[in-house]
Amino acid sequence: MGNRRTTARLAVLAVAATVLVAGCSDDDGSNDGDEKRRSPQSLSEGYSVRGALAEIPASAVDDDVLVQTADLRAATEAAGLDVPTDGSREATSPWLSGLTDASSESPTPVFVPFGESFNLQAAAPEEFAELLGWSVLDVDSFVELSVPPGRFAVVTGDFDDDTLSSDLTEVGDGVVTDVEGEDFENHLDAVNAANRLGVPTRLARQEDRIALSPSTPAVESWLEGGDSLADDDSLAAVADALDDEGAISAVLTRVEGGADPASAVLGSQASPEQLEALNEQLEGSVPEDPFDAVGIGWSVDDGEAEVHVAYHFDSTDAARDGAEVLEKTYREGTSSVSRTPYSDYLDVEDVDADGPVVTVTVTPAEQGRTSFLYQALQQRELLFVSR
100 MGNRRTTARL
110 AVLAVAATVL
120 VAGCSDDDGS
130 NDGDEKRRSP
140 QSLSEGYSVR
150 GALAEIPASA
160 VDDDVLVQTA
170 DLRAATEAAG
180 LDVPTDGSRE
190 ATSPWLSGLT
200 DASSESPTPV
210 FVPFGESFNL
220 QAAAPEEFAE
230 LLGWSVLDVD
240 SFVELSVPPG
250 RFAVVTGDFD
260 DDTLSSDLTE
270 VGDGVVTDVE
280 GEDFENHLDA
290 VNAANRLGVP
300 TRLARQEDRI
310 ALSPSTPAVE
320 SWLEGGDSLA
330 DDDSLAAVAD
340 ALDDEGAISA
350 VLTRVEGGAD
360 PASAVLGSQA
370 SPEQLEALNE
380 QLEGSVPEDP
390 FDAVGIGWSV
400 DDGEAEVHVA
410 YHFDSTDAAR
420 DGAEVLEKTY
430 REGTSSVSRT
440 PYSDYLDVED
450 VDADGPVVTV
460 TVTPAEQGRT
470 SFLYQALQQR
480 ELLFVSR
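Structure, rendered in C-alpha coordinates:
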(Lines of atoms letter the chains of each structure in order from A and count residues from 1; the text may use other names and numbers.)
(Lines give C-alpha, C1' and ligand atoms only; values in the text may rest on other atoms or scores of the structure.)
Protein backbone atom coordinates (compact mmCIF):
# COMPACT_ATOMS: atom_id res chain seq x y z
CA MET A 1 0.00 0.00 0.00
CA GLY A 2 1.14 3.54 -0.71
CA ASN A 3 2.37 5.85 2.01
CA ARG A 4 0.57 9.00 3.03
CA ARG A 5 1.62 11.66 0.60
CA THR A 6 1.39 14.95 2.41
CA THR A 7 2.42 16.29 5.78
CA ALA A 8 -1.02 17.89 6.15
CA ARG A 9 -2.73 14.55 5.77
CA LEU A 10 -0.50 13.02 8.44
CA ALA A 11 -1.26 15.93 10.73
CA VAL A 12 -4.99 15.40 10.38
CA LEU A 13 -4.62 11.74 11.30
CA ALA A 14 -2.37 12.57 14.24
CA VAL A 15 -4.88 15.08 15.63
CA ALA A 16 -7.75 12.62 15.14
CA ALA A 17 -5.79 9.91 16.92
CA THR A 18 -5.04 12.23 19.85
CA VAL A 19 -8.73 13.12 20.20
CA LEU A 20 -9.72 9.46 20.11
CA VAL A 21 -7.21 8.45 22.76
CA ALA A 22 -8.22 11.31 25.02
CA GLY A 23 -11.94 10.66 24.59
CA CYS A 24 -11.84 6.87 24.86
CA SER A 25 -9.09 6.12 27.38
CA ASP A 26 -11.65 4.61 29.77
CA ASP A 27 -13.46 2.63 27.06
CA ASP A 28 -13.20 -1.14 26.97
CA GLY A 29 -12.85 -1.06 23.20
CA SER A 30 -16.11 -2.93 22.62
CA ASN A 31 -17.20 -0.46 19.94
CA ASP A 32 -14.35 -1.74 17.74
CA GLY A 33 -13.47 1.62 16.22
CA ASP A 34 -17.05 2.91 15.77
CA GLU A 35 -16.68 5.69 18.37
CA LYS A 36 -18.31 8.99 17.47
CA ARG A 37 -15.33 11.30 17.19
CA ARG A 38 -17.35 14.49 17.09
CA SER A 39 -20.88 15.61 17.80
CA PRO A 40 -23.16 15.99 14.76
CA GLN A 41 -23.18 19.53 13.43
CA SER A 42 -25.47 21.50 11.16
CA LEU A 43 -24.23 23.03 7.94
CA SER A 44 -24.54 26.43 9.63
CA GLU A 45 -21.39 25.64 11.61
CA GLY A 46 -19.24 25.29 8.49
CA TYR A 47 -19.25 22.62 5.83
CA SER A 48 -18.63 18.99 6.66
CA VAL A 49 -20.04 15.75 5.32
CA ARG A 50 -20.99 14.77 8.87
CA GLY A 51 -22.78 18.10 9.28
CA ALA A 52 -24.64 17.49 6.03
CA LEU A 53 -25.95 14.18 7.40
CA ALA A 54 -27.14 16.01 10.51
CA GLU A 55 -29.51 18.09 8.39
CA ILE A 56 -31.53 15.05 7.25
CA PRO A 57 -34.21 13.98 9.75
CA ALA A 58 -34.22 10.28 10.50
CA SER A 59 -37.99 10.33 10.04
CA ALA A 60 -37.51 11.30 6.37
CA VAL A 61 -35.56 8.11 5.67
CA ASP A 62 -36.93 4.71 4.74
CA ASP A 63 -34.61 1.79 4.03
CA ASP A 64 -32.84 3.26 0.99
CA VAL A 65 -30.34 6.07 1.43
CA LEU A 66 -28.57 8.13 -1.22
CA VAL A 67 -27.13 11.39 0.07
CA GLN A 68 -25.54 13.99 -2.22
CA THR A 69 -23.79 17.01 -0.77
CA ALA A 70 -21.25 19.71 -1.55
CA ASP A 71 -19.59 22.88 -0.36
CA LEU A 72 -20.58 24.71 -3.51
CA ARG A 73 -18.46 27.80 -2.88
CA ALA A 74 -15.32 25.76 -2.17
CA ALA A 75 -15.94 23.59 -5.23
CA THR A 76 -16.41 26.65 -7.42
CA GLU A 77 -13.15 28.15 -6.17
CA ALA A 78 -11.26 24.87 -6.58
CA ALA A 79 -12.52 24.61 -10.16
CA GLY A 80 -11.21 28.08 -10.94
CA LEU A 81 -14.72 29.32 -11.69
CA ASP A 82 -16.95 32.18 -10.60
CA VAL A 83 -20.58 31.94 -9.57
CA PRO A 84 -22.59 33.59 -12.36
CA THR A 85 -24.44 36.80 -11.55
CA ASP A 86 -26.89 36.14 -14.37
CA GLY A 87 -29.34 33.29 -13.73
CA SER A 88 -30.06 32.55 -17.38
CA ARG A 89 -29.34 29.11 -18.81
CA GLU A 90 -26.73 30.62 -21.15
CA ALA A 91 -24.84 32.22 -18.28
CA THR A 92 -25.01 29.28 -15.88
CA SER A 93 -24.32 26.37 -18.25
CA PRO A 94 -20.49 26.82 -18.31
CA TRP A 95 -20.42 27.00 -14.51
CA LEU A 96 -22.57 23.90 -14.08
CA SER A 97 -20.58 21.99 -16.71
CA GLY A 98 -17.35 22.82 -14.92
CA LEU A 99 -18.70 21.50 -11.63
CA THR A 100 -20.26 18.30 -13.00
CA ASP A 101 -17.33 17.01 -15.08
CA ALA A 102 -19.36 17.68 -18.23
CA SER A 103 -16.87 19.95 -19.95
CA SER A 104 -14.75 18.09 -22.50
CA GLU A 105 -12.77 21.17 -23.53
CA SER A 106 -11.54 22.29 -20.11
CA PRO A 107 -12.21 19.66 -17.41
CA THR A 108 -11.87 20.83 -13.81
CA PRO A 109 -10.54 18.86 -10.81
CA VAL A 110 -13.90 18.83 -9.00
CA PHE A 111 -17.20 17.01 -9.23
CA VAL A 112 -20.42 18.19 -7.62
CA PRO A 113 -23.34 15.72 -7.46
CA PHE A 114 -26.17 18.24 -7.77
CA GLY A 115 -29.45 17.07 -6.30
CA GLU A 116 -32.75 16.85 -8.15
CA SER A 117 -34.22 19.53 -5.89
CA PHE A 118 -32.62 22.28 -7.97
CA ASN A 119 -34.48 21.01 -11.09
CA LEU A 120 -31.53 22.15 -13.19
CA GLN A 121 -32.39 20.00 -16.20
CA ALA A 122 -35.79 21.60 -16.68
CA ALA A 123 -35.46 25.16 -15.46
CA ALA A 124 -32.90 27.95 -15.42
CA PRO A 125 -31.90 29.32 -11.99
CA GLU A 126 -33.60 32.64 -12.75
CA GLU A 127 -36.93 30.84 -13.28
CA PHE A 128 -36.44 28.90 -10.04
CA ALA A 129 -35.67 32.13 -8.16
CA GLU A 130 -38.71 33.91 -9.56
CA LEU A 131 -40.90 31.14 -8.12
CA LEU A 132 -39.27 30.47 -4.73
CA GLY A 133 -37.19 33.58 -4.02
CA TRP A 134 -33.75 31.96 -4.32
CA SER A 135 -31.82 29.61 -6.62
CA VAL A 136 -28.70 27.48 -6.76
CA LEU A 137 -26.71 30.67 -7.43
CA ASP A 138 -27.47 31.79 -3.86
CA VAL A 139 -26.38 28.50 -2.27
CA ASP A 140 -23.16 28.12 -0.26
CA SER A 141 -23.60 24.42 0.51
CA PHE A 142 -26.29 21.79 0.16
CA VAL A 143 -27.31 18.26 1.03
CA GLU A 144 -30.05 16.16 -0.52
CA LEU A 145 -31.56 12.82 0.38
CA SER A 146 -32.05 11.72 -3.22
CA VAL A 147 -34.51 8.85 -2.91
CA PRO A 148 -37.76 9.54 -4.79
CA PRO A 149 -40.49 10.27 -4.24
CA GLY A 150 -39.59 11.65 -0.81
CA ARG A 151 -36.58 13.79 -1.66
CA PHE A 152 -35.43 16.14 1.08
CA ALA A 153 -32.82 18.89 0.75
CA VAL A 154 -31.24 21.63 2.83
CA VAL A 155 -29.29 24.56 1.41
CA THR A 156 -27.26 27.24 3.16
CA GLY A 157 -26.69 30.79 2.02
CA ASP A 158 -27.17 34.44 2.89
CA PHE A 159 -30.85 33.89 3.63
CA ASP A 160 -33.13 36.03 5.81
CA ASP A 161 -36.81 36.70 6.51
CA ASP A 162 -37.27 38.19 3.05
CA THR A 163 -35.67 35.36 1.06
CA LEU A 164 -38.63 33.07 0.48
CA SER A 165 -41.10 34.49 -2.03
CA SER A 166 -44.11 36.25 -0.53
CA ASP A 167 -46.23 34.46 -3.14
CA LEU A 168 -45.72 31.12 -1.37
CA THR A 169 -48.68 29.79 0.63
CA GLU A 170 -48.46 28.80 4.29
CA VAL A 171 -49.42 25.16 4.93
CA GLY A 172 -48.21 24.76 8.50
CA ASP A 173 -46.26 26.41 11.29
CA GLY A 174 -43.27 27.86 9.45
CA VAL A 175 -43.86 25.76 6.30
CA VAL A 176 -44.85 27.26 2.94
CA THR A 177 -45.58 25.78 -0.49
CA ASP A 178 -45.52 26.80 -4.14
CA VAL A 179 -48.51 24.63 -5.10
CA GLU A 180 -51.53 23.91 -2.92
CA GLY A 181 -52.54 20.27 -2.63
CA GLU A 182 -51.61 17.02 -0.94
CA ASP A 183 -48.02 15.85 -0.51
CA PHE A 184 -46.62 14.10 -3.61
CA GLU A 185 -49.77 14.88 -5.61
CA ASN A 186 -49.24 15.69 -9.31
CA HIS A 187 -50.76 18.93 -10.61
CA LEU A 188 -50.04 18.95 -14.32
CA ASP A 189 -51.85 22.27 -14.63
CA ALA A 190 -49.34 23.76 -12.16
CA VAL A 191 -46.02 22.56 -13.61
CA ASN A 192 -43.37 25.09 -12.65
CA ALA A 193 -39.64 25.72 -12.31
CA ALA A 194 -39.41 23.66 -9.12
CA ASN A 195 -41.10 20.49 -10.33
CA ARG A 196 -41.80 19.11 -13.79
CA LEU A 197 -44.98 17.35 -12.61
CA GLY A 198 -46.40 20.15 -10.52
CA VAL A 199 -45.78 18.28 -7.26
CA PRO A 200 -45.94 20.77 -4.37
CA THR A 201 -42.61 21.86 -2.90
CA ARG A 202 -42.72 22.56 0.84
CA LEU A 203 -40.14 24.98 2.23
CA ALA A 204 -39.03 26.32 5.60
CA ARG A 205 -36.15 28.49 6.80
CA GLN A 206 -33.99 28.43 9.91
CA GLU A 207 -31.43 31.25 10.03
CA ASP A 208 -29.11 30.69 7.03
CA ARG A 209 -30.69 27.37 5.98
CA ILE A 210 -33.68 26.48 3.83
CA ALA A 211 -35.24 23.02 3.68
CA LEU A 212 -37.34 21.84 0.75
CA SER A 213 -39.19 18.62 0.06
CA PRO A 214 -42.46 17.28 -1.36
CA SER A 215 -43.10 15.94 2.17
CA THR A 216 -44.62 18.29 4.74
CA PRO A 217 -43.79 16.00 7.71
CA ALA A 218 -40.13 15.87 6.63
CA VAL A 219 -39.84 19.67 6.64
CA GLU A 220 -41.68 19.88 9.96
CA SER A 221 -39.31 17.29 11.47
CA TRP A 222 -36.35 19.36 10.32
CA LEU A 223 -37.78 22.43 12.03
CA GLU A 224 -38.35 20.48 15.25
CA GLY A 225 -34.89 18.87 15.35
CA GLY A 226 -34.18 15.40 16.69
CA ASP A 227 -32.56 12.27 15.33
CA SER A 228 -30.84 12.54 11.96
CA LEU A 229 -28.74 10.51 9.55
CA ALA A 230 -25.69 11.65 11.53
CA ASP A 231 -26.90 9.25 14.24
CA ASP A 232 -26.47 6.29 11.88
CA ASP A 233 -23.14 4.83 13.04
CA SER A 234 -22.16 3.38 9.66
CA LEU A 235 -22.92 6.49 7.61
CA ALA A 236 -21.38 8.74 10.26
CA ALA A 237 -18.14 6.73 10.21
CA VAL A 238 -17.96 7.02 6.43
CA ALA A 239 -18.69 10.75 6.63
CA ASP A 240 -15.92 11.24 9.20
CA ALA A 241 -13.45 9.43 6.94
CA LEU A 242 -14.34 11.71 4.02
CA ASP A 243 -14.07 14.80 6.24
CA ASP A 244 -10.61 13.65 7.31
CA GLU A 245 -9.67 13.69 3.62
CA GLY A 246 -10.96 17.24 3.15
CA ALA A 247 -13.85 16.32 0.88
CA ILE A 248 -15.72 19.30 -0.56
CA SER A 249 -18.41 17.15 -2.17
CA ALA A 250 -19.65 13.64 -1.51
CA VAL A 251 -22.15 10.88 -2.16
CA LEU A 252 -23.06 8.38 0.56
CA THR A 253 -25.30 5.34 0.48
CA ARG A 254 -26.25 2.31 2.47
CA VAL A 255 -25.25 -0.99 0.86
CA GLU A 256 -27.45 -4.04 0.99
CA GLY A 257 -25.45 -7.13 1.85
CA GLY A 258 -26.10 -10.72 0.93
CA ALA A 259 -25.49 -10.18 -2.76
CA ASP A 260 -23.97 -12.82 -4.95
CA PRO A 261 -21.27 -10.86 -6.84
CA ALA A 262 -22.04 -12.45 -10.20
CA SER A 263 -25.78 -11.80 -9.82
CA ALA A 264 -25.08 -8.18 -8.92
CA VAL A 265 -22.97 -7.76 -12.05
CA LEU A 266 -25.03 -9.76 -14.59
CA GLY A 267 -28.53 -9.21 -13.24
CA SER A 268 -31.48 -11.53 -12.85
CA GLN A 269 -31.54 -12.66 -16.49
CA ALA A 270 -28.20 -14.48 -16.33
CA SER A 271 -28.19 -18.27 -16.64
CA PRO A 272 -26.84 -20.51 -13.85
CA GLU A 273 -23.89 -21.39 -16.07
CA GLN A 274 -23.05 -17.72 -16.64
CA LEU A 275 -23.29 -16.99 -12.93
CA GLU A 276 -21.05 -19.91 -12.01
CA ALA A 277 -18.43 -18.94 -14.59
CA LEU A 278 -18.36 -15.32 -13.48
CA ASN A 279 -18.22 -16.21 -9.79
CA GLU A 280 -15.11 -18.27 -10.48
CA GLN A 281 -13.61 -15.36 -12.39
CA LEU A 282 -14.45 -12.91 -9.60
CA GLU A 283 -13.04 -15.05 -6.79
CA GLY A 284 -11.00 -12.80 -4.53
CA SER A 285 -12.39 -9.58 -6.05
CA VAL A 286 -15.11 -8.89 -3.45
CA PRO A 287 -14.35 -8.75 0.31
CA GLU A 288 -15.47 -11.87 2.15
CA ASP A 289 -17.04 -9.78 4.90
CA PRO A 290 -19.85 -7.39 3.96
CA PHE A 291 -19.71 -3.61 4.15
CA ASP A 292 -22.95 -1.76 4.92
CA ALA A 293 -22.20 1.81 3.87
CA VAL A 294 -19.99 3.50 1.32
CA GLY A 295 -19.18 7.11 0.52
CA ILE A 296 -17.32 8.82 -2.31
CA GLY A 297 -15.70 12.16 -1.57
CA TRP A 298 -13.97 14.60 -3.90
CA SER A 299 -11.15 16.91 -2.85
CA VAL A 300 -8.46 18.98 -4.55
CA ASP A 301 -4.78 18.86 -3.57
CA ASP A 302 -2.47 21.44 -5.17
CA GLY A 303 -4.92 21.87 -8.01
CA GLU A 304 -5.18 18.13 -8.70
CA ALA A 305 -8.29 16.00 -8.24
CA GLU A 306 -8.42 13.34 -5.54
CA VAL A 307 -11.29 10.92 -5.04
CA HIS A 308 -11.73 9.05 -1.77
CA VAL A 309 -13.96 6.01 -1.32
CA ALA A 310 -14.80 5.02 2.27
CA TYR A 311 -16.27 1.61 3.12
CA HIS A 312 -17.73 0.73 6.53
CA PHE A 313 -17.32 -2.88 7.71
CA ASP A 314 -18.65 -4.61 10.81
CA SER A 315 -15.27 -4.80 12.54
CA THR A 316 -11.64 -3.76 12.43
CA ASP A 317 -10.58 -7.25 11.35
CA ALA A 318 -13.12 -7.29 8.52
CA ALA A 319 -11.91 -3.88 7.35
CA ARG A 320 -8.27 -4.96 7.41
CA ASP A 321 -9.02 -8.06 5.34
CA GLY A 322 -11.33 -6.10 3.05
CA ALA A 323 -8.66 -3.48 2.38
CA GLU A 324 -6.41 -6.07 0.75
CA VAL A 325 -9.18 -7.29 -1.53
CA LEU A 326 -10.34 -3.79 -2.44
CA GLU A 327 -6.82 -2.69 -3.30
CA LYS A 328 -6.41 -5.67 -5.62
CA THR A 329 -9.75 -5.00 -7.31
CA TYR A 330 -9.04 -1.30 -7.82
CA ARG A 331 -5.59 -2.06 -9.26
CA GLU A 332 -6.32 -5.23 -11.25
CA GLY A 333 -10.11 -5.40 -11.69
CA THR A 334 -12.12 -4.78 -14.84
CA SER A 335 -15.30 -2.75 -15.32
CA SER A 336 -18.34 -4.97 -15.80
CA VAL A 337 -19.91 -2.27 -17.97
CA SER A 338 -17.11 -1.27 -20.35
CA ARG A 339 -14.90 -4.39 -19.96
CA THR A 340 -12.03 -1.96 -19.46
CA PRO A 341 -9.50 -2.27 -16.62
CA TYR A 342 -10.19 0.10 -13.76
CA SER A 343 -6.56 1.19 -14.05
CA ASP A 344 -7.48 2.89 -17.33
CA TYR A 345 -9.78 5.19 -15.39
CA LEU A 346 -7.92 5.73 -12.13
CA ASP A 347 -4.60 5.48 -10.33
CA VAL A 348 -4.59 4.10 -6.79
CA GLU A 349 -2.68 6.41 -4.45
CA ASP A 350 -3.45 4.94 -1.04
CA VAL A 351 -5.51 2.28 0.74
CA ASP A 352 -5.95 2.76 4.48
CA ALA A 353 -7.82 0.71 7.09
CA ASP A 354 -8.70 2.74 10.18
CA GLY A 355 -10.93 0.86 12.61
CA PRO A 356 -13.93 -0.50 10.70
CA VAL A 357 -13.46 1.92 7.78
CA VAL A 358 -11.37 1.37 4.66
CA THR A 359 -10.55 4.46 2.59
CA VAL A 360 -9.26 4.11 -0.96
CA THR A 361 -7.74 7.26 -2.47
CA VAL A 362 -7.42 7.50 -6.24
CA THR A 363 -6.65 10.11 -8.85
CA PRO A 364 -8.05 10.14 -12.39
CA ALA A 365 -5.83 8.37 -14.91
CA GLU A 366 -4.72 10.27 -18.00
CA GLN A 367 -7.97 9.55 -19.82
CA GLY A 368 -10.10 9.27 -16.66
CA ARG A 369 -12.77 11.59 -15.32
CA THR A 370 -13.42 12.76 -11.78
CA SER A 371 -17.00 11.49 -12.10
CA PHE A 372 -16.06 7.89 -12.97
CA LEU A 373 -16.65 6.40 -9.52
CA TYR A 374 -19.98 8.22 -9.19
CA GLN A 375 -21.08 6.54 -12.41
CA ALA A 376 -19.66 3.22 -11.21
CA LEU A 377 -21.75 3.48 -8.05
CA GLN A 378 -24.89 4.18 -10.07
CA GLN A 379 -24.14 1.22 -12.35
CA ARG A 380 -23.44 -1.07 -9.38
CA GLU A 381 -19.93 -1.87 -10.52
CA LEU A 382 -17.97 -4.57 -8.72
CA LEU A 383 -16.23 -1.93 -6.60
CA PHE A 384 -19.51 -1.36 -4.77
CA VAL A 385 -20.85 -4.92 -4.45
CA SER A 386 -21.07 -6.32 -0.91
CA ARG A 387 -21.64 -9.96 -0.05
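For the sequence shown, the numbering used here gives the first residue as 100, with consecutive numbering after it. For glycine and all other residues, C-beta sits at the position ideal for the given N, C-alpha and C.
Could you name the residues that DSSP lists as bridge partners for Ile395?
Ile395 is bridged to Val350 and Val408.
Nonlocal neighbours in the same chain, by C-beta distance under 7 Å from Asp446, ignoring five residues either side:
So the list reads Val461, Thr462 and Ala464, once near-sequence residues are dropped.
Evaluate contact between the stretch 387-394 and the stretch 338-356, counting only Cβ atoms and requiring at least three cross-stretch pairs below 8 Å.
In this structure the stretch 387-394 touches the stretch 338-356; the number of beta carbon pairs closer than 8 Å is three or more.
Can you tell me whether Gly256 is buried or exposed? The criterion is at least 16 other CB atoms within 10 Å of its CB, across all chains shown.
Around the C-beta of Gly256, 16 or more other C-beta atoms lie within 10 Å, and the residue is accordingly described as buried.
Test item: CB-CB of Asp288 and Thr315 under 7 Å:
no
So what does DSSP say about Arg304, is it helix, strand or coil?
strand
Output yes or no for whether 7 Å exceeds the beta carbon distance between Val234 and Phe227.
Here residue 234 is Ser; the residue named in the question, Val, does not match the sequence. Cβ atoms of Ser234 and Phe227: closer than 7 Å.
Indicate the three-state DSSP secondary structure (helix, strand or coil) for Gly256 in the structure shown.
strand
For Arg438, count the other beta carbons within 10 Å of its own beta carbon; 16 or more makes it buried, fewer makes it exposed. Which is it?
It counts as exposed.
Expected contact under 8 Å - CB spacing of Gly214 and Thr207 to nearest Å:
Going by Cβ atoms, the distance from Gly214 to Thr207 rounds to 19 Å, so no, they are not a contact pair.
Tell me the residue span of the beta strand (DSSP E) that contains Val450.
That run of the beta strand (DSSP E) goes Leu445 to Asp453.
What's the gap between the Cα of Ala329 and the Cα of Ile155?
8 Å
Cut-off 7 Å between Cβ atoms - residues of its own chain near Thr268, not counting five sequence neighbours on either side:
Val275, Thr276 and Glu279
For a test of the three-state rule: what should DSSP assign to Thr268, helix, strand or coil?
strand
Considering only the alpha carbon of each residue, which of Ala303, Ser398, Ala338 and Leu482 lies closest to Gly150?
Ranking the options by Cα distance to Gly150, first place goes to Ala338.
Tell me whether Thr184 sits in a helix, a strand or coil according to DSSP, three-state version.
Coil, per DSSP.
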